[in-house]
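Residue numbers (our numbering), protein chains in the order written: chain A, 25 to 171; chain B, 4 to 240.
Heads up, the beta-carbon is just placed ideally off N, CA and C, and yes, glycines get one too.
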């Protein structure tokens, strides 16, 4: 959002002190293996929906043909974009295009979704687990996408 | 989201992040962020516009090679305006005869019946639908929510799903069904669509009524949803 368009209550919401960021260095972008991580509360149809207090994540398999659904509990964001086009929230086929044109080295098969609007410190156990999963899949760049 | 980037990077996974709320990104300082000027719910900016979305995603990914963290870059390009962004330029594909403020059974079910072919048309065109997270057919969704308006639900209509979750997911399925059907005719912006849903449909009237009727529900989950997650803050009375 443009800074001035952010509602006051949201702009002034408490933010955790996460300290100084670490910096992982790596290969050129054209050699990286990329996974998407959304906080839109996405899941494959039939998977367990997110609910109040969820701090875990769902696996989004690029080869799974079940449709992606959104079970984020917040109602304070637009869903008409998602209604029209998955890519506006979760740009999997856009990333596939960037893989095909060589912008990125490869697209991971598995991607992930949390439900945002959660204290990040509560996400730490699941995020730590996910980091190991990503490393095991040779992912060396995670692209985090809010909603 | 910014906190998640900190955690992953500390665990050895490089991250780039698209940021929607500049004030939060600036305070949490994730390793690498691209601030975008789009509304919440549309982090890639423009539905159906692959070239634009690719520019946004590429701009974020290009930050990956930066090690001078924290890096906060800005994507300056606004999302293109919808073709018919004003109120006069778009109309719902079908004429909903039910006046606003009537979340009655006949009105709601009549709307669902009128919109269903358009939702199906959208599904075929897009090759997908996001409706169905509740596990109920849309008519079941409507009947369940109408019943909730009469009496607080005590049993979930979906096996294995807590009743509060079923209530919330049903409400979101109903909204999304309307939005998918309405956007089968393109050209409306998010504000036009929200105005239409909350002011001109029996479904919007029903959700507003539910937010009032169940604000003091005995089930704490239903109470929270009625008070805080059913109706957007900007639409609450």
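Chain-ordered chain A contacts of residue i [CB-CB under 9 Å]
| i | result |
| --- | --- |
| residue 33/B | 42, 45, 168 |
| residue 254/B | One cannot answer for residue 254/B here, as it falls past the ends of chain B, which runs 4 to 240. |
Under 7 Å by beta carbon: chain A residues contacting residue i
| i | result |
| --- | --- |
| residue 179/B | 103, 107 |
| residue 20/B | 168 |
Contact set between residue i and chain B, taken where Cβ atoms lie within less than 8 Å
| i | result |
| --- | --- |
| residue 52/A | 68 |
| residue 163/A | 16 |
| residue 27/A | 25, 26 |
| residue 30/A | 24, 25, 26 |
| residue 118/A | 47, 53, 56, 57, 60 |
| residue 97/A | 171, 228, 232 |
Given residue i as reference, the closest of the options once Cα atoms are compared
| i | options | result |
| --- | --- | --- |
| residue 222/B | 195/B, 163/B, 151/B, 62/B | 151/B |
| residue 9/B | 41/A, 29/A, 36/A, 162/A | 41/A |
| residue 43/A | 203/B, 32/B, 134/B, 197/B | 32/B |
| residue 172/B | 39/B, 225/B, 5/B | 225/B |
| residue 108/B | 198/B, 146/B, 25/B | 146/B |
| residue 77/B | 118/B, 133/B, 26/B | 26/B |
| residue 169/B | 74/B, 135/B, 119/B, 181/B | 135/B |
| residue 55/A | 158/A, 149/A, 128/A | 128/A |
| residue 139/B | 121/B, 159/B, 124/B | 159/B |
Residue i: contacting residues in chain B (beta-carbon distance under 9 Å)
| i | result |
| --- | --- |
| residue 86/A | None at all; the shortest Cβ gap to chain B is about 14 Å. |
| residue 160/A | Chain B residues near residue 160/A: none, gap ~11 Å exceeds 9 Å. |
| residue 94/A | 133, 136, 175, 179 |
Element boundaries [alpha helix (DSSP H), containing residue i]
| i | result |
| --- | --- |
| residue 194/B | 193–203 |
| residue 6/B | 5–13 |
| residue 136/A | Per DSSP, residue 136/A belongs to no alpha helix (DSSP H); it is in the beta strand (DSSP E), 134–137. |
| residue 62/A | First-last for residue 62/A: 57–62, but that is the beta strand (DSSP E), not the alpha helix (DSSP H). |
| residue 158/A | 144–160 |
| residue 132/B | Looking at the DSSP string, residue 132/B is not in any alpha helix (DSSP H), and its letter there is neither H nor E. |
For residue j and residue i, believed in contact at Cβ under 8 Å, the rounded distance
| i | j | result |
| --- | --- | --- |
| residue 68/A | residue 84/A | 7 Å |
| residue 96/A | residue 116/A | Their Cβ separation, rounded to whole angstroms, is 18 Å, which puts residue 96/A and residue 116/A out of contact at 8 Å. |
| residue 171/A | residue 59/A | That pair is no contact at about 17 Å. |
| residue 165/A | residue 62/B | Contact flag wrong, Cβ pair sits at about 14 Å. |
| residue 132/A | residue 57/A | 6 Å |
Partner residues on chain A for residue i, Cβ-Cβ distance less than 8 Å
| i | result |
| --- | --- |
| residue 65/B | 53 |
Under 7 Å by beta carbon: chain B residues contacting residue i
| i | result |
| --- | --- |
| residue 148/A | 10 |
| residue 132/A | Result: empty, since nearest Cβ-Cβ is about 11 Å, beyond 7 Å. |
Extent of the continuous beta strand (DSSP E) to which residue i belongs
| i | result |
| --- | --- |
| residue 51/B | Unbroken run through residue 51/B: none, as it is neither H nor E. |
| residue 186/B | Taken as a continuous stretch (DSSP letters only), residue 186/B belongs to no beta strand (DSSP E), as it is neither H nor E. |
Report the residues of the region 149–172 of chain B with a CB closer than 8 Å to any CB of chain A, ordered along the chain.
Result list: 164, 165, 167, 168, 171, 172.
Using a Cβ cut-off of 7 Å, which residues of the region 183–204 of chain B contact any Cβ in chain A, in chain order?
Cβ contacts with chain A: 183, 186, 193, 196.
By the 7 Å beta-carbon criterion, what residues does the region 67–86 of chain A contribute toward chain B?
Hits within the stretch, in order: 69, 73, 75, 76.
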